[in-house]
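K.L.:
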Amino acid sequence: DGGITQSPKYLFRKEGQNVTLSCEQNLNHDAMYWYRQDPGQGLRLIYYSQIVNDFQKGDIAEGYSVSREKKESFPLTVTSAQKNPTAFYLCASTLDRDTEAFFGQGTRLTVV
Amino acid sequence: AQSVTQLGSHVSVSEGALVLLRCNYSSSVPPYLFWYVQYPNQGLQLLLKYTTGATLVKGINGFEAEFKKSETSFHLTKPSAHMSDAAEYFCAVSGPWGYSTLTFGKGTMLLVSP
Numbered sequence: 214d215g216g217i218t219q220s221p222k223y224l225f226r227k228e229g230q231n232v233t234l235s236c237e238q239n240l241n242h243d244a245m246y247w248y249r250q251d252p253g254q255g256l257r258l259i260y261y262s263q264i265v266n267d268f269q270k271g272d273i274a275e276g277y278s279v280s281r282e283k284k285e286s287f288p289l290t291v292t293s294a295q296k297n298p299t300a301f302y303l304c305a306s307t308l309d310r311d312t313e314a315f316f317g318q319g320t321r322l323t324v325v
Numbered sequence: 196a197q198s199v200t201q202l203g204s205h206v207s208v209s210e211g212a213l214v215l216l217r218c219n220y221s222s223s224v225p226p227y228l229f230w231y232v233q234y235p236n237q238g239l240q241l242l243l244k245y246t247t248g249a250t251l252v253k254g255i256n257g258f259e260a261e262f263k264k265s266e267t268s269f270h271l272t273k274p275s276a277h278m279s280d281a282a283e284y285f286c287a288v289s290g291p292w293g294y295s296t297l298t299f300g301k302g303t304m305l306l307v308s309p
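Protein chains in written order, with my numbering: chain A, 214 to 325; chain B, 196 to 309.
1) Against chain A, with Cβ distances strictly below 7 Å, would residue 302(B) count as a contact?
2) Pick from 220(A), 246(A) and 325(A): whose alpha carbon is nearest that of residue 297(A)?
3) Quick check on DSSP: helix, strand or coil for residue 267(A)?
4) Below 7 Å on C-beta distance, what does residue 204(B) contact in chain A?
5) Can you tell which of 296(B), 244(B) and 306(B) has the C-alpha that lies nearest to the C-alpha of residue 257(A)?
6) The beta strand (DSSP E) spanning residue 230(A) covers which residue range?
7) Can you pull the chain A neighbours of residue 299(B), defined as C-beta to C-beta under 7 Å?
8) Going by beta-carbon coordinates alone, are residue 303(B) and residue 216(B) separated by less than 7 Å?
9) Residue 309(A) by DSSP, collapsed to three states: which one?
10) Which residues bound the beta strand (DSSP E) around residue 219(B)?
11) Please report the Cβ distance between residue 286(A) and residue 237(A), rounded to the nearest whole angstrom; I am assuming they are in contact, meaning their Cβ atoms lie under 8 Å.
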């Protein structure tokens, strides 16, 4: 079945460490997105990519980095510069710019 | 600029009662509007969407929503709540970076009691 796979489901990081969250899709979608979810805050856009080798900042890109070397993959790195990284991270994809987003199951990142 | 306001962080209903979740939006361009549902520790699932055309939109699991441009609203309703409807619901508007980037409301947790 087609879908979006995020891994790992749970991730623990020590302060000062970088960590990379994986997002893979086999839907043949052109565009991919990373959102951050905090309790009571809804979802906020971190980065998005509409084509391979191109990506754009969203609302809250500071302290994060991404790459889009392959159409099916859009990993997110949470760097030590992100002051409050503990959150639920959701990856999404769309077929093109004007269609609804499909979401992965999320990665819960906790800084210990 | 896009924004979404969901009235009520928590809504409680009895099983079999009407569900009404409120959503108001602002958008600088004609909006696409969405409702998503999220179960604990899971991703978001699309319930329904409005892009153009008919303003009453029907979605999955018996939910529907009506786009009212004059009121800038897109409220979600279901005639009869079921225990399995208990979840968090998010309203979203397209933009600001193209129609596929989304601006979300803060969510409404629906609680269903027997």
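The beta-carbon is built from N, C-alpha and C at its ideal position, and this holds for glycine as well. Bear in mind that the values here come from a model prediction, so they are computed numbers and not experimental data.
P.N.:
Based on what the coordinates show:
1) For residue 302(B), the answer is yes, since a Cβ of chain A falls inside 7 Å of its Cβ.
2) Ranking the options by Cα distance to residue 297(A), first place goes to 325(A).
3) Note: residue 267(A) maps to strand in three-state DSSP.
4) Within 7 Å Cβ-Cβ: 253.
5) Residue 257(A) has its Cα closest to that of 296(B), out of 296(B), 244(B) and 306(B).
6) Here residue 230(A) belongs to no beta strand (DSSP E), and DSSP marks it neither H nor E.
7) Within 7 Å of the CB of residue 299(B), the CB atoms of chain A belong to 255 and 256, in sequence order along the chain.
8) Yes; because the gap between Cβ atoms is below 7 Å, this pair is in contact.
9) Coil.
10) Residue 219(B) -> beta strand (DSSP E) spans 214-221.
11) Confirmed, Cβ separation roughly 5 Å.
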